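Participant:
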Amino acid sequence: MSELAAHWRWVAAIWIEVTLAYGAYSLYLAARARRAERREDHR
Amino acid sequence: MTEPHETRKRPLWLRGLALVTLVLFLVGAYLALVVSPPDVNQGQLIRMMYAHVAVAWVCFVAVIVTALYGMLFLWRGHPIDDARAAANAEVATFFAGLTLLSGMTYSKPTLNTYWTWDAKLTLTALMFALLVGYFVVRGLIDDPTRRGRVSAVVGIIVAVSLPFNYLAAAWFRTLHPTLSVAVTGVHVAPTMLFVLLFNVGVAGLVYLTFVSERVRIARLELSRSEAEERREGEMGSGEVVHV
Numbered sequence: 001m002s003e004l005a006a007h008w009r010w011v012a013a014i015w016i017e018v019t020l021a022y023g024a025y026s027l028y029l030a031a032r033a034r035r036a037e038r039r040e041d042h043r
Numbered sequence: 001m002t003e004p005h006e007t008r009k010r011p012l013w014l015r016g017l018a019l020v021t022l023v024l025f026l027v028g029a030y031l032a033l034v035v036s037p038p039d040v041n042q043g044q045l046i047r048m049m050y051a052h053v054a055v056a057w058v059c060f061v062a063v064i065v066t067a068l069y070g071m072l073f074l075w076r077g078h079p080i081d082d083a084r085a086a087a088n089a090e091v092a093t094f095f096a097g098l099t100l101l102s103g104m105t106y107s108k109p110t111l112n113t114y115w116t117w118d119a120k121l122t123l124t125a126l127m128f129a130l131l132v133g134y135f136v137v138r139g140l141i142d143d144p145t146r147r148g149r150v151s152a153v154v155g156i157i158v159a160v161s162l163p164f165n166y167l168a169a170a171w172f173r174t175l176h177p178t179l180s181v182a183v184t185g186v187h188v189a190p191t192m193l194f195v196l197l198f199n200v201g202v203a204g205l206v207y208l209t210f211v212s213e214r215v216r217i218a219r220l221e222l223s224r225s226e227a228e229e230r231r232e233g234e235m236g237s238g239e240v241v242h243v
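Which chain is which? The protein sequence lines are H and B, in order.
Using this note's numbering, you'd call the opening residue of the first sequence number 1 and step up by one each time.
Using this note's numbering, you'd call the opening residue of the second sequence number 1 and step up by one each time.
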């Protein structure tokens, strides 16, 4: 693999990493919000 | 005090903020991956810097806000200040973890190692450990006032470590590069600086979106816990909710 291709692979890795992390935390917050809203509805 | 019962659904402004943040994140990624020129030393790898530095700076902001709400709780004793401090601490922990992870990914192709125990990296790992400790402490204490006070002190300790972390690359021999944008001046090309600041702004919006949603959840949980406390007063003991 050329040096340029190797560099782009690392660049892609960090941006995918950050995007996935944002996505995962958003999903966690959405699930926790749904649970809190449901409990509030039951009250 | 907590929000009235009617506001339990996610408000429109928060949905709007999330949408704007998502669009600007895509613009920021485009700027970093396409518009930014390659660096004279790092070549294309400079495009990793925009992701890592943005996350790291916002982590610092989240830690400072955690400490400020902690101080506010120590001063006023309002449960919502503790809930806000905890919400910020959770988002700060997320950003600290992401700072370490993205830092290791950035470090391997540029410095030929994922990790080294130098001052800067060790202080960042310590900050992450302290933030995890913040939640361990919260889990161990049932009394809400005492829980808020102790975790506020932990939050303030984390914030006190920030100046040392920020200046560690300048003060100590470390693999971590010295500051690109320092108090004394800017050492990067104008286009790169624009792309960097744009991505820092976007990471700031991501932080704002996460923390707003997390505070909304904390308010819902707090209102439930207050209602349970009222019921407890009438009927007996009940479950303690950690926010």
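Beta carbons are placed, not taken as given, at the ideal position from N, Cα and C, and that holds for glycine.
Bear in mind that the values here come from a model prediction, so they are computed numbers and not experimental data.
Mapping the DSSP letters down to three states, classify B/D142 as helix, strand or coil.
Facilitator: B/D142 falls in the coil class under three-state DSSP.
Participant: So with Cβ pairs under 9 Å, would you call B/H176 a contact of chain H?
Facilitator: No - not a single Cβ of chain H is within 9 Å of the one on B/H176.
Participant: Return the residue from the list B/L19, B/A83, B/P38 that minimises the CA-CA distance to H/V11.
Facilitator: Comparing Cα-Cα distances from H/V11 to each of B/L19, B/A83, B/P38, the minimum goes to B/P38.
Participant: If H/H7 and B/P109 are in contact, beta carbons under 8 Å, what's the gap, nearest whole angstrom?
Facilitator: With 8 Å as the limit, H/H7 and B/P109 qualify as a contact, their Cβ atoms being about 7 Å apart.
Participant: Given this structure, state the Cα-to-Cα distance separating B/M192 from B/A152, to the nearest angstrom.
Facilitator: Computed Cα separation, rounded: 38 Å.
Participant: Starting from the N-terminal side, write out each stretch of the alpha helix (DSSP H) that is 4 residues or longer and does not extend beyond the segment 33–119 of chain B.
Facilitator: DSSP runs (the alpha helix (DSSP H)) wholly in the segment 33–119 of chain B: 46–76, 79–111.
Participant: Which same chain residues end up closer than 6 Å to B/L72 when comparing Cβ atoms and leaving out the 5 residues on each side of it in sequence?
Facilitator: Same-chain partners within the cutoff: D81.
Participant: Establish whether the CB of H/L27 and some CB of chain B are separated by less than 9 Å.
Facilitator: With 9 Å as the cut-off, H/L27 does not count as an interface residue toward chain B.
Participant: Taking only beta-carbon positions, decide if B/I80 is within less than 9 Å of chain H.
Facilitator: No - not a single Cβ of chain H is within 9 Å of the one on B/I80.
Participant: By the criterion of Cβ-Cβ separation under 9 Å, what are the contact partners of H/L4 in chain B?
Facilitator: The answer, in chain order, is G43, Q44.
Participant: Using the beta-carbon of each residue, which ones in chain B are nearer than 9 Å to H/A31?
Facilitator: Those within 9 Å of H/A31 in chain B number zero; the least Cβ separation is about 10 Å.
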